[in-house]
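For reference, the structure is listed below as C-alpha cells.
Protein chains in written order, with this note's numbering: chain A, 4 to 115; chain B, 14 to 122.
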C-alpha cells in the first residue's frame, strides 16, 4: 500500500502569516497533487507535479504556491494566509497511466 | 460547468439493503476512481477502472467511457459503509483527476 504522509495534521494560522504544508510519499510515484476539500465542493485541485522540479497550476491556484524539491516531497505554501483558505488539505500521489491515487490523512487548516 | 456530476448528494440505507451511486461526465474520460472518506477523514481508494467492471466484496463498479458515466453499487450495506463517496476521473494527457462533489451515505440499523 502506498504511503503518503502529511504534516502537520492540524494548523492554526493568523491572517497574513505564512503557512507551509508538507507531503512525503514513499512509493516513487512521479505525480503528486494538492487538493482542498470544502463542504459542497468535493475536492478541488490546487497544484500538481509530474516530478522533481516540476509544478503545475490546478483549477484553483490563486493564493498558493507549490514546491517539489525531490521525488518524495511536495509542499504547498500559503505566503499570505487568508480566512478563505480555511479548509482541509489533501496531498496525493499516483495518478499516472494505470495508477491509483493514494491520499494522505489530510491537514485541517484554520486561518483566523 | 462541472466535468463530473455525482448523484445522489445524500443517501440513507437500512442495513442489508443496497443502492447505486452514479457519476456522469461532460467529456470523454480516460479512467475513473472511486473513494470513500471514512469517519476518521481518510480517503480510501476503492476502485480504479479504465473500462468495464470490477467487484470487491459487496462493492461493484462500472465505467463506460463512450456513454460518459460510472456507477458504484453497494449491496448488503453495513454500518461501516457509512461515509462520503467520491468519484474522480481524468480526461487523459495531463493526468488531472477531477472529483465529483460526493455522496454522503448513512447506513442505519
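Just so it is clear, CB atoms sit at the ideal spot from N, CA and C, and this is done for glycine as well.
These numbers come from a predicted model, not from an experiment.
According to DSSP, is residue 68 of chain B part of a helix, a strand, or is it coil?
strand
What does the Cβ neighbour count give for residue 45 of chain A, buried or exposed, with the cut at 16 atoms within 10 Å?
buried
Could you compute how far the alpha carbon of residue 114 of chain A sits from the alpha carbon of residue 25 of chain A?
17 Å
Helix, strand or coil at residue 87 of chain A according to DSSP, with G and I counted as helix:
helix
Proximal residues of chain A, C-beta to C-beta of residue 109 of chain B below 9 Å:
36, 48, 51, 59, 61, 62, 98
Rounding to the nearest angstrom, what Cα-Cα distance links residue 8 of chain A and residue 107 of chain A in this structure?
5 Å
Where does residue 115 of chain A sit, in a helix, a strand or coil, going by DSSP?
coil
DSSP three-state call for residue 94 of chain B: helix, strand or coil?
helix
So the beta strand (DSSP E) residue 27 of chain B belongs to, where does it begin and stop?
23-27
Cβ closer than 7 Å: which chain B residues qualify as neighbours of residue 39 of chain A?
Correct list: empty, because the minimum Cβ distance to chain B is about 11 Å.
Quick check on the DSSP output: what are the complete alpha helix (DSSP H) runs of length 4 or more inside the stretch 23-93 of chain A, in order along the chain?
none
Where residue 105 of chain A meets chain B, residues with beta-carbon distance less than 7 Å
58
Which residues in the same chain have their Cβ closer than 6 Å to the Cβ of residue 68 of chain A, if we skip the five residues on either side of it in sequence?
80
Name the DSSP bridge partner or partners of residue 45 of chain B?
B:62, B:102
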